[in-house]
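S.K.: The following block contains the structure, expressed as structure tokens.
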Amino acid sequence: MQLQSHIQHNLAASAPLHLPVMNNPYEINTAPPTIGTPSDAATLRQLLKTPYDSVYKVSPDGKTYLEPLMLRGTPNPSWDSLVDFLDRQEPESEKKSEVAYLSRLNPRDKALRASLKRLRDNSSKFKKIREVFGEHSRYHPNQLLSKDYLPPGGLCQKEPMYRLACKISDLKHLHRTGALAMDPFDFIRWRIIKKAASFMPNPGDNPKHSIRTMVYKLCDDSIDVLSRPYQDSVMRHAVLMSAAQRNHLGAYGPRGRWRKYWLTDQRESAYSKRARRERHAAALARARAAAAPTAPVYSGVNAFRAQQQQRREAEERRAREERPDASESRVACAGIGCPDRATWSLGIYAVEGATA
């Protein structure tokens, strides 16, 4: 029922658009292997705008998919429910609590620490899986492809489901902002179908034994020759675009950081450059002020004495400024012919000057 509602949801969302069906959907190699220029980023944005109707067709009753061919007959009611898989989280959580208690009693036990780390990682993965594929979710990992193209047992395993859950969460941001036209699950399914088709060069080929690896490595950016056939550049850079817009590019290594402005469609304006220079100058001034020597700070009796000394010095400065004649006399006295102190004190110099 959840899967049928997912189909009906997509039909309802796409019906008002009246978009024409594309005869030739975008191919897997349309986008370049790396986003190195703004034009490459523009190509990626065009791919993200691919409408749902251009890729998927459903039966007249709206219950199953007809196209793409690798999705025909989906959803298949014979697949097991996710309830059994999600119920495994409870015993894992109990075991984690038990190992955490034992690890506190034996803090030097390396085996217990390693076991506790593994259980904590599993708990985090189960939490993410439940968040995306939980009871009220419209998604099911076994509906990525038709049952004929999936491995025995489907994709209800922890690692593939965790990878899918993370990528769905990443793409939800692009879908909310309107950069991604399809539902994230439908977009990932489209890219997996495109990638799986490249593993079928001959009639009768079936990629079912490679699907798990494909799901796991679809968004990788590896230079490993063995991993490269499973990677899809469109998915990789769609995830990078989402990370760039959320300031999470650091989680994808240094090779993704320099593409930030191309992936976010942002440019640094002249105003932002000037503001950055002003912030730098202000920070430099604060650093110099902090490094400059400062007058000693006193407290108690010493503070009182320092204040008295400052007041006396201020009064002396004011007194000197208010007696300009005295200061001129001192300057004149410094010249040639200045009388000695005794003559000055008797006023003889002043009388002689007056007589002259």
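Read in our numbering, the sequence shown has 78 at position 68, and its numbers run on one by one without any break.
We put the CB at the ideal spot given by N, CA and C, even for glycine.
#1: Please list, in chain order, all residues of the same chain as Asp180 whose beta carbon is under 6 Å from its beta carbon, the five residues on each side excluded.
#2: Does the Cβ of Lys73 have 16 or more other Cβ atoms within 10 Å, making it buried, or fewer, making it exposed?
#3: Give a yes or no on contact between the segment 91–108 and the segment 206–220, applying the rule of three or more CB pairs nearer than 8 Å.
#4: Grouping DSSP H, G and I as helix and E and B as strand, with all else coil, what is Val65?
#5: Between Lys367 and Leu76, is the Cβ-Cβ spacing less than 8 Å?
#6: For His258, which option in Glu145, Asn152, Asp231 and His183 has the closest C-alpha, if you only look at C-alpha atoms?
#7: Who are Glu77's beta bridge partners in DSSP?
#8: Taking all protein chains shown into account, decide if Asn312 is buried (16 or more other Cβ within 10 angstroms of its Cβ) or exposed.
#9: Helix, strand or coil: which one does DSSP assign to His183?
#10: Please classify His146 as buried or exposed, where buried requires at least 16 neighbouring CB atoms within 10 angstroms.
#11: Taking all protein chains shown into account, do 16 or more other C-beta atoms lie within 10 angstroms of the C-beta of Tyr149, making it buried, or fewer, making it exposed?
#12: Ignoring anything shorter than 3 residues or poking outside the segment 73–147, list the beta strand (DSSP E) runs there in chain order.
#13: Are the CB atoms of Met171 and Phe209 within a distance shorter than 8 Å?
#14: Does the contact criterion of 3 or more C-beta pairs under 8 Å hold for the segment 124–139 versus the segment 92–111?
#15: Taking the alpha carbon of Pro151 as the reference point, which residue from Arg333, Thr84 and Ala124 has its own alpha carbon closest?
#16: Taking all protein chains shown into account, do 16 or more other C-beta atoms lie within 10 angstroms of the C-beta of His247, making it buried, or fewer, making it exposed?
#17: Grab me the residues of Asn39's own chain with a C-beta within less than 7 Å of its C-beta, minus the 5 sequence neighbours each way, in chain order.
#18: From Phe197, Val109 and Val225, pick the residue whose C-alpha is nearest to that of Pro61; which is it?
#19: Should Leu58 and Leu190 be called a contact, given that it needs their Cβ atoms to be closer than 8 Å?
#20: Using the Cα positions of Gln99 and Arg298, report the straight-line distance between them to the nearest angstrom.
M.R.: So, from the data block:
#1: If we look at Asp180 and ignore the five residues flanking it on each side, its Cβ neighbours are Val249 and Ser252.
#2: With fewer than 16 other Cβ atoms within 10 Å, it is exposed.
#3: No, the segment 91–108 is not in contact with the segment 206–220.
#4: Assignment of Val65 by DSSP, reduced to helix, strand and coil, places it in the coil class.
#5: No information on residue 367 is available, as it lies outside the stretch 11 to 366 that the chain covers here.
#6: Residue His183 holds the alpha-carbon nearest to the alpha-carbon of His258 among Glu145, Asn152, Asp231 and His183.
#7: Residue pairing by DSSP puts Glu77 in a beta bridge opposite Lys67.
#8: Around the beta-carbon of Asn312, fewer than 16 other beta-carbon atoms lie within 10 Å, marking it exposed.
#9: Reduced to three states, the DSSP call for His183 is helix.
#10: With fewer than 16 Cβ atoms within 10 Å of its Cβ, His146 is classed as exposed.
#11: Tyr149 is buried by the Cβ-count criterion.
#12: Runs of the beta strand (DSSP E) lying entirely within the segment 73–147 and spanning at least 3 residues, in chain order: 75–77.
#13: Cβ distance not < 8 Å, so Phe209 and Met171 don't count as in contact.
#14: These segments touch.
#15: Looking at Arg333, Thr84 and Ala124, the one whose alpha-carbon comes closest to that of Pro151 is Thr84.
#16: His247 is buried by the Cβ-count criterion.
#17: Here Asn39 scores only 39 on pLDDT, less than 50, and its place in the model should not be relied on; the value that follows carries that caveat. Same-chain partners within the cutoff: there are none.
#18: Out of Phe197, Val109 and Val225, Phe197 has the C-alpha closest to the C-alpha of Pro61.
#19: A contact, by the Cβ cut-off of 8 Å.
#20: Straight-line measurement puts the Cα of Arg298 at about 57 Å from the Cα of Gln99.
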